[in-house]
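**Student:**
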Amino acid sequence: MKIFKITLFLIILLMMMSTVSATMNVIVITDPSGVDPNGASAGSMSFAQNMFQSTFLMSKEKQFVVLSGGEGASTPRLKAIVDTIARLENGATASEAAAAAGGYQGIRVMAGGPTIGAAVGGSFDAYVITVDPDGVIKVTPYKGGLAVLQPGQRGAIIHLRNTQGNPQYGSATAVRRETAINIGKMIRDGYSATTIVGKVFEEVAKDAGEKHGGGAVNLNSGLTTGDMFTPEQLNETGYPMDEPYTKICPNDGWSVGYPSAESYDRCPIDGTPLKVVYAYEALASAITVTQTSVIVSVYGSDETGILETTKEIVKASVRKNGYNANTLSAAINRAVDNGILVGVNRVEPKDINVKPASKAVGVYFTPLPNGRTSPPWNLPVGSGILDILGNMQTAIGFVLVLLVLFRSTLITSFRKR
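Oh and the sequence shown: position 206 is 232 in my numbering, straight run, nothing missing.
1) Just to confirm my understanding: we take Val315, look at its own chain, exclude 5 residues before and 5 after, and list those with CB closer than 6 Å. What are they?
2) At what residues does the alpha helix (DSSP H) containing Met212 begin and finish?
3) Can you tell me where the alpha helix (DSSP H) holding Arg134 begins and where it ends?
4) Could you check if Gly191 is buried or exposed, using at least 16 other CB atoms within 10 Å of its CB as the buried criterion?
5) I'd like to confirm the pairing. Which residues does DSSP put opposite Asn244 in its beta bridges?
6) Considering only residues of the same chain and omitting the five flanking positions on each side of Thr392, which have a CB-CB separation below 7 Å?
7) Note down, in chain order, each residue of its chain lying with its Cβ closer than 7 Å to the Cβ of Ala173, except the 5 sequence neighbours on either side.
8) Among residues of its own chain, excluding the 5 on either side of Gly132, which ones have a beta-carbon nearer than 7 Å to its beta-carbon?
9) Identify whether Lys169 lies in helix, strand or coil by the three-state DSSP scheme.
10) On the three-pair Cβ rule with 8 Å, is the region 341-350 touching the region 374-390?
11) Only counting the same chain, and skipping five residues up and downstream in sequence, which positions put a Cβ closer than 7 Å to that of Ser121?
12) From Val282, Asn277, Asp278, pick the residue whose C-alpha is nearest to that of Tyr271; which is it?
13) Using the Cα positions of Leu104 and Ala361, report the straight-line distance between them to the nearest angstrom.
14) Using beta-carbon positions only, say whether Pro140 and Ile55 come within less than 8 Å of one another.
15) Measure the Cβ-Cβ separation of Thr199 and Ala74 and say whether it is below 8 Å.
16) Buried or exposed: Val302, going by 16 or more other Cβ atoms within 10 Å of its Cβ?
17) What whole-angstrom Cβ distance do Ile163 and Lys225 have, given they're in contact under 8 Å?
18) Evaluate Val52 with the Cβ neighbour count: other Cβ atoms within 10 Å of its Cβ, from every protein chain shown; 16 or more gives buried, anything less gives exposed.
19) Pick out whichever of Ser72, Thr298, Ile378 has its Cα sitting closest to the Cα of Val344.
20) For the alpha helix (DSSP H) containing Ile222, list its first residue and its last residue.
21) Would you list the residues sitting across from Ser72 in a DSSP beta bridge?
22) Which runs of the beta strand (DSSP E) fall wholly inside the region 341-383 and span at least 3 residues, in chain order?
23) Output needed for Thr298: all residues of its chain with C-beta closer than 7 Å, excluding positions within five of it in sequence on either side, in chain order.
24) Taking Cβ positions, are Ala106 and Ala123 nearer each other than 8 Å?
25) Near Thr251, which residues of its chain fall below 7 Å by C-beta distance, leaving aside the five closest residues on each side in sequence?
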């Protein structure tokens, strides 16, 4: 039901904007058994605007993704998406679902999952990559109709076209083939699907210019980049995936995003040189499960930078002290006090929901009232004393005002005495 609510949201968006489509779609399956937590991944990006319209629709429960695009009109695209989702919800394979796009002029739909294979249907220029158990790589071009990566097969599908106005227009044909070959080599060499998708984003963004997020998903683990790279406003482009995204302190997890990051070379907490993280690196990191990875959820604030900064702080604290609500809240509060986390109040251990078994941490923030950016100071005196001091200061100020207003009268009176 949740994925249909997202589809409804997309319909509303389509009513408010001009037609646009993703020009790069990719699905990579390195473990068709579904066991590897990083064994299936997908993503979309484009040079075009409004990439939240055509990024991805993912079902975490049934582990499938639907990527859309094409040069057709908006309404047929939505119908094709809804048709594809309905088929997948009813147990269809990727090929059966993606075939829905064939009934809509100029529309492309790509669908897939770790156990249902992958397919692209409708209007497209794509390569299907397969890697056999003995390491043999096959890269096959397809143009329109239906192209399928069968269930149980290691491989990938990549679609790539250029957007009108892209300075690198005309590069898509060569880049599509070269990237497909590199995908096959990386699958053969044992790279995870999430790592490969990150590399695809890097290569396509640099070499073909179809570089605006969009985003990506981890189909096995249910991780997504969410709105990390999608446009903040309608009719804008997403984040350029080949540009620096953030600077991170390797020791304590402090981070700052661009363009603010241009003002920092060292961590303001411990002086450590900051590491520059490019958008394609941040994408791969966000969807990849590792031994030390932590799934961080933030509630109570949608302020820019809160989610990303909190994630890095939590990850650094977990690496040092494990899943401890006390140390986690202390690390977060240091960031609040230092002005790294802005617009939220300090947290207490009860505000930290820790689940070590699933490597998950939830942080519940309370937004500051009246547009405040930082909480009040914790001073070693009570509020009553502060009130008294304030009243005294007011009285002294009142006396000074009287002295200024009546200084001539007072001086004359004093001289007469």
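Just so you know, even glycine gets a beta-carbon here, dropped at the ideal spot from N, CA and C. This structure is a prediction, so every number in the text was calculated from the model and none was measured.
**Tutor:** Reading from the atomic positions:
1) Within the sequence shown, numbered from 1, the residue matching residue 315 stands at position 289. So the list reads Pro63, Asn64, Ser247, once near-sequence residues are dropped.
2) For the purposes of this step, residue 212 is taken as the residue at position 186 of the sequence shown. Segment 198-214, the alpha helix (DSSP H) holding Met212.
3) As a position in the sequence shown, residue 134 is number 108, starting the count at 1. Where Arg134 is concerned, there is no enclosing alpha helix (DSSP H), although the beta strand (DSSP E) it sits in stretches over 133-139.
4) Numbered from its first residue, the sequence shown carries residue 191 at position 165. That one is exposed.
5) Walking along the sequence shown from the start, residue 244 turns up at place 218. Paired residue(s): Ser67, Leu249.
6) The residue you call residue 392 lines up with position 366 of the sequence shown. Here the set comprises Gly326, Val370, Asn371.
7) As a working mapping, residue 173 is identified with position 147 in the sequence shown. Here the set comprises Ala145, Val146, Ala152, Val154, Ile183.
8) Within the sequence shown, residue 132 is the residue found at index 106, counting from 1. Cβ neighbours of Gly132 beyond the five flanking positions: Gly96, Glu97, Gly98, Ser149.
9) As a position in the sequence shown, residue 169 is number 143, starting the count at 1. Strand.
10) yes
11) By 1-based counting over the sequence shown, the position of residue 121 is 95. Around Ser121: Gly143, Ala145, Leu172, Val174.
12) Residue mapping note: residue 271 aligns to position 245 of the sequence shown, counting from 1. For the residues Val282, Asn277, Asp278, the minimum Cα distance to Tyr271 belongs to Val282.
13) Looking up residue 104 in the sequence shown gives position 78. Looking up residue 361 in the sequence shown gives position 335. C-alpha separation (whole angstroms): 43 Å.
14) As a working mapping, residue 140 is identified with position 114 in the sequence shown. As a working mapping, residue 55 is identified with position 29 in the sequence shown. Yes.
15) For the purposes of this step, residue 199 is identified with residue 173 of the sequence shown, where counting begins at 1. For the purposes of this step, residue 74 is identified with residue 48 of the sequence shown, where counting begins at 1. No.
16) Numbered from its first residue, the sequence shown carries residue 302 at position 276. With fewer than 16 other Cβ atoms within 10 Å, it is exposed.
17) One-based indexing of the sequence shown puts residue 163 at position 137. One-based indexing of the sequence shown puts residue 225 at position 199. Not quite, the Cβ-Cβ distance comes to about 16 Å (not below 8 Å), so this is no contact.
18) Numbered from 1 along the sequence shown, position 26 holds the residue referred to as residue 52. With 16 or more other Cβ atoms within 10 Å, it is buried.
19) If you number the sequence shown from 1, residue 344 lands on position 318. Taking only the C-alpha atoms, the option nearest Val344 is Ile378.
20) Indexing the sequence shown from 1 puts residue 222 at position 196. Its alpha helix (DSSP H) spans residues 219-234.
21) If you number the sequence shown from 1, residue 72 lands on position 46. Partner(s): His238.
22) 378-381
23) Taking the sequence shown and counting its residues from 1, one reaches residue 298 at position 272. Result list for Thr298: Cys275, Pro276, Asn277, Arg292, in chain order.
24) In the sequence shown, the residue the question calls residue 106 occupies position 80. In the sequence shown, the residue the question calls residue 123 occupies position 97. Result no, Cβ atoms of Ala106 and Ala123 do not sit closer than 8 Å.
25) Counting from one through the sequence shown, the residue named residue 251 turns up at place 225. Contacts found: Gly241, Ala242, Leu309, Ala312, Ile313.
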